[in-house]
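Numbering (our numbering), first residue to last: 2 to 236. Beta carbons are placed, not taken as given, at the ideal position from N, Cα and C, and that holds for glycine.
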Amino acid sequence: DGIDLFVDNPYSEKAKEATNLIKEFGFGVGLVMPAALAGQGLYLGDKSKDIRDVCIKKIGEIIEYTSEIDGMVSLGLVRGSQSPEETLEEFNQRFIDSCEKLLNISEKYNMDLVLEPINRYEINTINSMQEGLDFLKETKLPISLLADTFHMNIEDVNLERILIESMSYIKHIHFLDSNRLAPSMGHMNMEALYKVIKDHNYKGFLCLEALAKPNSVEVAEKGAEFFRKCEQKFK
2 DGIDLFVDNP YSEKAKEATN LIKEFGFGVG LVMPAALAGQ GLYLGDKSKD IRDVCIKKIG
62 EIIEYTSEID GMVSLGLVRG SQSPEETLEE FNQRFIDSCE KLLNISEKYN MDLVLEPINR
122 YEINTINSMQ EGLDFLKETK LPISLLADTF HMNIEDVNLE RILIESMSYI KHIHFLDSNR
182 LAPSMGHMNM EALYKVIKDH NYKGFLCLEA LAKPNSVEVA EKGAEFFRKC EQKFK
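Right under this line is the structure:
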């Protein structure tokens with residue numbers, strides 16, 4: 002079993018407490034997500050070099066923190082959006098440059114960075130898994146993919162096909178139903194997606210990065226129930 006963490010300040014008491022609890026209970030760690038930096042206006046693709054530099058510095062600190070708990074770091078909302086007056090190529094060049102600087106840090110710890118495609122209602126760059134796969138193939142950046150089935154349901158035409166096509170790049174999966182709740186709480190065929198993932202020998206975590214509706218305990222229980230059922234059904 003393992004967890005994902007949202008971290009903005011790796012030097013905070015909460016971050017230290019999380020590290021201690023992870024070690025005490027023997028949890029694995031899938032991802033540490035620096036999404037909170039986006040809420041502070043910090044983006045890897047920002048037009049301002051000063052903002053990009055601060056963002057890189059803070060994610061670098063998160064990478065160092067993550068190395069202590071053997072996780073990976075995701076690049077999702079923190080990459081930012083393309084502005085209306087620029088081309089996608091201009092945005093991508095800034096984002097690629099920032100990624101290369103982060104790779105110089107993560108490689109010291111032998112740590113994977115993972116790119117998360119996020120739907121168009123939250124960001125306007127790399128929305129679909131197909132776009133994420135194309136981006137990594139074109140840039141040849143040594144970065145992996147995070148597949149989030151909630152975002153995929155909005156953006157990708159055929160979820161099973163793109164999972165198969167991108168499986169060699171996928172290092173982490175957020176496994177959520179159509180309403181961003183646990184699998185079985187929405188209208189997607191989550192069993193079919195589970196089977197595809199299992200049949201193609203995915204070895205990472207399936208994470209419930211879900212909304213707490215009606216509450217976190219019920220969502221967690223529904224998720225655990227679904228996974229137990231699938232483990233038995235698809236032995």
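In this structure the stretch 180-195 touches the stretch 210-227; the number of beta carbon pairs closer than 8 Å is three or more. The criterion of a C-beta distance shorter than 8 Å is not satisfied by Arg95 and Gly40. Only residues of its own chain outside the window of five on either side were considered, and among them Asp178, Lys223 have a CB closer than 6 Å to the CB of Met186, listed in chain order. Rounded to whole angstroms, the gap between the alpha carbons of Leu160 and Ala193 is 10 Å. Under the three-state reduction of DSSP, Val158 is assigned to coil, being neither helix nor strand. Secondary-structure assignment with DSSP links Phe7 through a beta bridge to Met34. Around the Cβ of Gly133, a 10 Å sphere holds 16 or more other Cβ atoms; the residue is buried. In this structure, Ser167 places its C-beta atom within 8 Å of the C-beta atom of Met130.
For Ala148, the enclosing beta strand (DSSP E) begins and ends at 145-149.
Within the same chain, and ignoring the five residues on either side of Thr140 in sequence, the residues whose Cβ sits closer than 7 Å to its Cβ are Ile97. Listed in chain order, the alpha helix (DSSP H) elements of length 4 or more contained wholly in the stretch 42-112 are 50-68, 89-107.
Less than 8 Å divides the Cβ of Leu78 from the Cβ of Ile119. His152 sits in a helix when the DSSP states are folded into three classes.
Counting the other CB atoms within 10 Å of its CB gives Ala19 a total of 16 or more, which places it among the buried residues.
Residue pairing of Ile171 in beta bridges, as defined by DSSP: Leu146.
Ser107 and Asp113 have their C-alpha atoms roughly 7 Å apart. Judged by DSSP in its simplified three-state form, Leu207 adopts strand. If the five residues before and after Leu209 are omitted, its C-beta is found closer than 6 Å to the C-beta atoms of Ala183, Gly224, all from its own chain and listed in chain order. Taking 8 Å as the upper bound for CB-CB distance, Ser68 and Tyr110 are in contact here, some 4 Å apart. Nearest in C-alpha terms to Gln83, of all of Asn93, Leu76, Ser75, Val74, is Asn93.
In this structure, the CA atom of Thr88 is about 17 Å from the CA atom of Arg121. Counting only residues of its own chain and dropping the five nearest sequence neighbours on each side, Ile155 has a CB closer than 6 Å to the CB of Asn120.
Per DSSP, Leu177 lies in no beta strand (DSSP E) segment and is marked neither H nor E. If you ignore the 5 residues before and after Ile171, its C-beta comes within less than 8 Å of the C-beta of Ser145, Leu146, Leu147, Ala148, Leu164, Tyr203, Gly205, all in its own chain and listed in chain order.
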